[in-house]
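First the structure, in the form of structure tokens, and then the observations on it.
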Amino acid sequence: AAADMDFDYEEDKLGIPTIPGKVVIQKDPQNMIGISIGGGAPLCPCLYVVQVFDNAPAAKDGTLMAGDEIVGVNGKSVKGKTKVEVAKMIQAVKGEVTMYYNKLQADPKLGKTMDIVMKKAKHRLVESMSSSTADALGLSRAILCNDGLVKKLDELERTAELYKGLMEHTKRLLKAFFELSQRVRPAFGDVFSVIGVREPQPAASEAFVKFAEAHRSIEKFGVRLLKTVKPV
């Protein structure tokens with residue numbers, strides 16, 4: 034890909050393997066390809082893709098991804114340029130644009146995990162730096178707030194908290210049920226049993242005895258229920 038551009042230089046990759054490439058992206062009616070760019074002069078030696086917006090031309094193409102280094106636009110090097118200058122280079126061409134990039138050669142099995150970890154790290158960084166510095170590095174709060182993956186992660190964390198709360202509530206409910214079942218037998222079962230034994234009328238005596246057995250069964254079935262749901 035480098036041979037197609039008007040520059041030839043060797044950059045120190047600090048031991049990180051990268052895969053160079055190029056992609057031709059057809060622009061949308063608004064003359065955009067749908068990426069946000071970070072880094073660039075004067076604070077950062079390279080420019081890179083911060084985010085690929087959903088349903089944009091770059092997202093539909095699927096080649097460029099967050100973290101890819103941008104090394105050229107339409108055969109021209111972007112080395113030493115600001116992100117605004119690179120954005121203007123992309124906008125200057127109508128119809129389609131050729132993007133030259135370096136893609137980090139990472140373990141694909143760790144891709145999703147690495148992406149989530151990196152985005153969480155970005156949020157922590159933004160919280161501790163000024164808006165101007167964050168913007169220069171392509172870590173603006175607006176961009177991060179629109180990050181679909183981070184939103185999904187936040188949604189999953191909220192769901193996890195909801196289920197955790199449900200589990201705690203269920204534990205308290207079962208504990209209360211067990212305590213209630215323990216109190217029903219002496220409070221009602223034993224009392225009805227004594228009344229049934231002392232009741233002179235056979236029909237009434239039998240009814241009280243049945244009431245006693247029913248309330249004693251509450252304790253028995255309560256213990257059985259707890260033994261059943263405990264493994265869950």
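My numbering runs 33 ahead of the 1-based position in the sequence shown.
Glycine is no exception: its CB is placed at the ideal position from the N, C-alpha and C atoms.
All figures in this text were calculated on a predicted structure; none of them were measured in a lab.
### Any 3 or more C-beta pairs closer than 8 Å across the segment 98-114 and the segment 125-138
In short, these stretches touch, since the Cβ pair count reaches three.
#### Entry: Simplified DSSP assignment, three categories, for Leu-137
Strand.
### Query
If you pair each beta-carbon of the segment 243-256 with each one of the segment 210-217, do three or more pairs fall below 8 Å?
Yes: at least three Cβ pairs fall under 8 Å.
#### Entry: Leu-199 in three-state terms, based on DSSP
It is helical.
### Query
Which of helix, strand or coil does DSSP assign to Met-122?
In the structure shown, Met-122 sits in a helix (DSSP, three-state: H, G or I).
### Task
Give a yes or no on whether the C-beta atoms belonging to Leu-259 and Leu-207 are separated by under 8 Å.
Result yes, Cβ atoms of Leu-259 and Leu-207 sit closer than 8 Å.
### Message
For Ile-52, list the residues DSSP reports as bridge partners.
### Response
Lys-136.
### Query
Short check: CB of Ile-70 to CB of Val-82, under 8 Å?
At a Cβ-Cβ threshold of 8 Å, Ile-70 and Val-82 count as neighbours.
### Query
Can you tell me whether Glu-102 is buried or exposed, with buried defined as 16 or more other CB within 10 angstroms of its CB?
With 16 or more Cβ atoms within 10 Å of its Cβ, Glu-102 is classed as buried.
### Task
Determine the extent of the beta strand (DSSP E) in which Glu-102 is found, giving its start and end residues.
Boundaries of the beta strand (DSSP E) around Glu-102: 102-106.
### Task
Please classify Lys-109: does DSSP put it in a helix, a strand, or coil?
Three-state DSSP puts Lys-109 in a strand.
### Message
Which residue wins for smallest C-alpha separation from Asp-257, given the options Ala-193, Phe-210, Pro-233, Ala-236?
### Response
The amino acid occupying residue 257 in the given sequence is Arg; Asp does not appear at that position. Per the C-alpha coordinates, the member of Ala-193, Phe-210, Pro-233, Ala-236 positioned closest to Arg-257 is Phe-210.
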